[in-house]
């Protein structure tokens, strides 16, 4: 998944190279299925070493958003989860 780990039990439904769309050097977006609240938390733990600087983390009912950056600020990740649908998005930007 564009250099990011893929959580066990999660299916990538769609992947897109967003480099030209966003004008960033390196940008990917993934829509994932099987992404429950448990898998979301597992994934945040999995990427926490690579992206230790948490920008924001919110939860509204069964929806979760986590935005974090690498320690040098060069790489960013956004992870969203809709626990009711067990679906989410993972976006990576450099």
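In our numbering, the protein residues as written are 6 to 99.
Even for Gly, the Cβ is constructed at its ideal location relative to N, Cα and C.
Predicted model only: the values in this text are computed from it and were never measured.
Where residue 83 sits in the DSSP three-state scheme:
Residue mapping note: residue 83 aligns to position 78 of the chain shown, counting from 1. DSSP places residue 83 in strand when its eight states are reduced to three.
Whole-angstrom Cβ separation of residue 12 and residue 47, contact assumed at under 8 Å?
Position 7 of the chain shown, counting from 1, holds the residue named residue 12. Position 42 of the chain shown, counting from 1, holds the residue named residue 47. Yes, they are in contact, since the Cβ atoms of residue 12 and residue 47 sit about 6 Å apart, within 8 Å.
Beta-carbon within less than 8 Å of residue 75's beta-carbon, same chain only, minus the 5 sequence neighbours each way: which residues are those?
In the chain shown, counting from the first residue as 1, residue 75 sits at position 70. Within the same chain, residue 75 has close Cβ partners 55, 56, 57, 58 and 81.
Can you give me the C-alpha to C-alpha distance between residue 17 and residue 43, rounded to a whole angstrom?
Translated into the one-based positions of the chain shown, residue 17 becomes position 12. Translated into the one-based positions of the chain shown, residue 43 becomes position 38. Roughly 17 Å separates the two Cα atoms.
Reduced DSSP secondary structure (H/G/I, E/B, other) of residue 18
Against the chain shown, residue 18 aligns to sequence position 13. It is a strand residue.
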